[in-house]
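If you count by my numbering, then the sequence shown holds residues 3 to 306, one letter each, in order. Every residue gets a Cβ at the ideal spot worked out from N, C-alpha and C, and that includes glycine. Have a look at the structure below before the remarks.
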Amino acid sequence: MSENRGLFTTDKARDYLAFEPEMSVDKLSERLWTISDGVYRTIFLEGNEGVIAFDTFGTPGKARAYARAIDKTIPHKAIATIIYSHDHLDHAGFAEDLAPNAEIIADEICAKVIKLRQAEGQRQPTNVISGPENHLTVDGVDLVLLNPGPTHGSGNLTAWFAPEKLLFSSDTIFANARYGLLPDIHLANFVKFMRGFLRLDWDTFVPGRYEVTDRERFEKGCDFIEAVQEACQQAFVEFVPIWAYEPMQGYVANKLKDRFGDLDGFEEHIGLTAIRIVHHYLMGGWSLEDTPTPGYILADEVQL
3 MSENRGLFTT DKARDYLAFE PEMSVDKLSE RLWTISDGVY RTIFLEGNEG VIAFDTFGTP
63 GKARAYARAI DKTIPHKAIA TIIYSHDHLD HAGFAEDLAP NAEIIADEIC AKVIKLRQAE
123 GQRQPTNVIS GPENHLTVDG VDLVLLNPGP THGSGNLTAW FAPEKLLFSS DTIFANARYG
183 LLPDIHLANF VKFMRGFLRL DWDTFVPGRY EVTDRERFEK GCDFIEAVQE ACQQAFVEFV
243 PIWAYEPMQG YVANKLKDRF GDLDGFEEHI GLTAIRIVHH YLMGGWSLED TPTPGYILAD
303 EVQL
């Protein structure tokens with residue numbers, strides 16, 4: 003296999019890894035753009051000397067398509083900085099293919115996971131930050147990177163652009179129900195941390211997938227997750243077979259369709275979301291990341 007393979011072990015994945023999709027780029031402000039392959043979405047900015055790219059997309063082919071789209075949008079400036087929103091390979095797995103010489107900024111927990119994982123094509127961060135709020139100036143651009151605690155993935159960074167009144171938070175809240183909340187959402191504190199972002203002044207929300215949305219739809223996304231959590235707990239009370247997909251899909255959909263049935267993907271994904279949330283109440287989450295001090299999971303064992 004000639005492509006960086008991430009964690010794939012079979013050459014049969016080569017065509018998937020090499021495919022270079024069309025990218026759609028939309029300007030959000032004088033310095034800021036959003037880009038999507040039709041499902042995944044991220045942002046990039048123009049700096050004084052180069053480009054600051056958030057994430058890499060999830061294959062070598064998509065990373066190359068991302069790089070070409072940036073070059074077409076901001077010609078004559080190379081990608082000098084990559085900021086990982088979190089550790090997941092489908093968002094930040096292929097910096098080697100996007101910009102192999104770029105500086106990489108990431109949260110400390112994200113960096114530790116990447117060091118242990120050793121996925122082919124996912125470069126180790128060169129500038130590691132920590133704590134709930136970091137103010138950085140990168141290539142003349144002032145950045146505010148926020149990590150209130152475990153939300154999605156490891157070391158998830160949210161970017162707040164106060165002048166544009168814009169928030170970017172990858173794979174957290176969506177303006178739809180097209181995500182099953184499988185093992186990468188840490189439910190113990192998730193909505194609390196998400197609602198915390200509403201204390202900031204912003205109007206536009208850029209998620210890590212699907213369409214750009216606004217503050218009202220962000221709040222509805224928080225309401226939706228809380229409502230599914232409540233319905234799942236009621237399923238225990240009513241002795242619904244919580245381990246079986248079809249009973250949970252029917253029960254939770256019936257409970258929530260009047261309020262949230264208008265969300266795109268509701269019928270197709272509500273059962274999967276419910277099964278994921280049931281796990282939280284039945285077994286306690288996914289590990290230390292669903293406890294109040296998730297940093298302990300890698301605090302002393304991994305040295306960067």
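DSSP bridge partner residues for Ile175 (one or two, in chain order)
DSSP lists no partner for Ile175.
Is it buried or exposed for Gln236, if we count other Cβ within 10 angstroms and need 16 for buried?
exposed
Let me know if Gly273 comes out buried or exposed under the rule of 16 or more other beta-carbons within 10 Å of its beta-carbon.
buried
Three-state class that DSSP yields for Gly63 in the structure shown
helix
When the Cα of Phe241 is compared with those of Glu269, Val304, Val280 and Thr128, which residue comes out closest?
Val280
For Ala276 and Asp260, I'd like the C-alpha separation in whole angstroms.
17 Å
In chain order, what residues of the same chain have a beta carbon less than 6 Å from the beta carbon of His282, not counting five sequence neighbours either side?
Leu189
Who are Thr206's beta bridge partners in DSSP?
Leu168 and Asp216
Bridge partner(s) assigned by DSSP for Trp162
Val146 and Leu169
Does DSSP put Ile244 in a helix, in a strand, or in coil?
coil
Residue range of the beta strand (DSSP E) that Lys79 falls in?
Counting along the chain, Lys79 falls outside any beta strand (DSSP E), and DSSP gives it neither H nor E.
Mind checking Leu9: buried by the 16 CB within 10 Å criterion, or exposed?
exposed
Please check the pair Ala82 and Ala104, which I expect to be a contact at CB under 8 Å, by giving their CB distance rounded to whole angstroms.
6 Å
Name the DSSP beta bridge partners of Gly8, please?
Glu122
If you follow the alpha helix (DSSP H) that Thr275 is part of, which residue opens it and which one closes it?
Phe268 to Met285
Exposed unless 16 or more other CB atoms sit within 10 angstroms - verdict on Glu303
exposed
Once you ignore the five residues that flank Asn136 on each side, which residues in its own chain have a CB closer than 7 Å to its CB?
Leu147
Phe192 lies in the alpha helix (DSSP H); which residues open and close that run?
Phe192 to Gly198
Across the region 162-169 and the region 119-130, are there enough close Cβ pairs to call them in contact, namely three or more that are closer than 8 Å?
no
When the Cα of Asn50 is compared with those of Pro77, Tyr212 and Phe238, which residue comes out closest?
Pro77
Since Ala55 is in the beta strand (DSSP E), which residue starts that stretch and which ends it?
Val53 to Phe56
Closest Cα partner of Lys194 within the set Phe207, Ala177, Thr215 and Glu221:
Glu221
Between Ile116 and Asp92, is the Cβ-Cβ spacing less than 7 Å?
no
Would the beta-carbon of Ala65 fall within 7 Å of that of Leu19?
no
Pairwise C-alpha distance: Phe207 and Phe360:
The structure shown does not extend to residue 360, since the chain is modelled only from 3 through 306, so no value can be given for it.
For Pro209, the nearest candidate out of Thr36, Phe262 and Arg201 (CA to CA):
Thr36
Indicate whether Gly63 and Glu22 have their beta-carbon atoms separated by less than 7 Å.
yes
DSSP three-state assignment for Phe21, whether helix, strand or coil:
coil
Can you tell me whether Gln305 is buried or exposed? The criterion is at least 16 other CB atoms within 10 Å of its CB, across all chains shown.
exposed
Look up Leu47 in the DSSP assignment and give the residues it is bridged to.
Leu34 and Ile54
Going by the beta-carbon positions, is the gap between Ser87 and Asp57 smaller than 7 Å?
yes
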